[in-house]
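So for the sequence shown, this note's numbering puts the first residue at 11; every next one is plus one. Some notes on the structure that comes next.
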Amino acid sequence: MPIQWFPGHMASARKKAAEAMAAIDVVIEVVDARLPAASSNPMIAQLRQFRNRPCLKLLNKSDLADPAATQAWMDFYNRQPGVKAVAISAKSAAEVARVPALCRQLAPHRDDGTKPLRMMIMGIPNVGKSTLMNTLLKRKVAKVGDEPAVTKHQQTLDLGPGMTLTDTPGMMWPKIDYDPDGYMLAASHAIGRNAVIDEEVASFLGGILLERYPALLAARYRIEPAALDAPALIEAIGRRRGCLVKGGGLDLEKASLILLQDYRDGALGRVSLETPQSRAQMIATVDAARAEAVPDDQSVDEDEDD
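Written out as structure tokens, the structure is:
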């Protein structure tokens, strides 16, 4: 089932962010290091490119991501004009302390001291924007929660001498073009549970883990992944963790939530759901399937016209 999620307040948040960007020097885009492209809102790139604003792309939660995949993504983004990519954990004060200096490198015209360096934090829900804001300011100014879309209002604060920081609500985009992106976002809890079926999301996640990280599954759940597919993995986790319903059957929803929560918390180990190569392959596969479907549709229309 394709996953889509665009709460009403996000349309208003996009409009306000577009207006505020006219007075911004640098966009700080926060993405999830485990799925950097899937967690990057294409509207953010459109807005900043329209205003010709440079971007500091922070691959947050890098402590939960596969280091090799993270390095591949940084190499990928750092080849793009006007973009500087850095892997961080927004909970680390030492790593976050580098952010203002990195922004100054992207806006050297603000080094003359005549006007403040104006930065704006943007990103989708639950990638760690509020945690970054609080760590930067060394006090709690933004609400942090486990549910996506906690922040709903834009605010601008002073960040020391000659610097201001604008925090924006998490913004999804109206239509997710690639179904795997929706599942990766749901697995990482960037999409509200009311828009997803946990068993389907866990099955998608399980398929990636079986293909790329079987040893982590074996260590965490004491199972033999080689003999399993994604549905069987969920069942095996359910049996191992005693997820039973009345009558002795397996509670697959509970087992699914265990796998999802273990991934979200980093209990499985350092896992990335996509690399630049795997993403290119996914897009090529989906686009090819769509292209194949077009001639069939056209031939039907031609037959009807005859």
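The beta carbon of each residue, even a glycine, is placed where N, CA and C say it ideally should be. This structure is a prediction, so every number in the text was calculated from the model and none was measured.
Distance between ALA111 and LEU66, taken at the CA atoms: about 11 Å. If only uninterrupted alpha helix (DSSP H) runs of at least 4 residues are considered, those enclosed by the region 50-137 are 52-61, 77-88, 103-106 and 109-116. The C-beta of ASP35 has 16 or more other C-beta atoms within 10 Å across all chains shown, which makes the residue buried.
Of the candidates ALA200, ARG89, ASN70 and ILE244, the residue whose Cα lies closest to the Cα of ASN136 is ALA200. ALA104 places its beta carbon 8 Å or farther from that of LYS71.
Relative to ASN62, the option among LEU167, VAL93, ARG289 and ALA301 whose CA is nearest is VAL93. In the displayed model, ILE233 falls within coil according to three-state DSSP, outside both helix and strand. With fewer than 16 other Cβ atoms from the protein chains shown falling within 10 Å of its own Cβ, ARG232 counts as exposed. When DSSP states are grouped into helix, strand and coil, GLN164 belongs to the coil group.
Remark: fewer than three beta-carbon pairs, one from each stretch, lie closer than 8 Å, so the region 179-186 and the region 247-259 are not flagged as touching. A direct Cα-to-Cα measurement between TYR193 and ALA277 gives close to 20 Å.
If you draw a 10 Å sphere on the C-beta of ASN204, you find fewer than 16 other C-beta atoms in it, and that means exposed. Per the DSSP secondary-structure output, ASP177 pairs in a beta bridge with ILE131 and GLN165.
Secondary structure of GLU39 (DSSP, three-state): strand. A Cβ-Cβ distance of about 11 Å is found for the pair ALA75 and MET84, leaving them out of contact under the 8 Å criterion.
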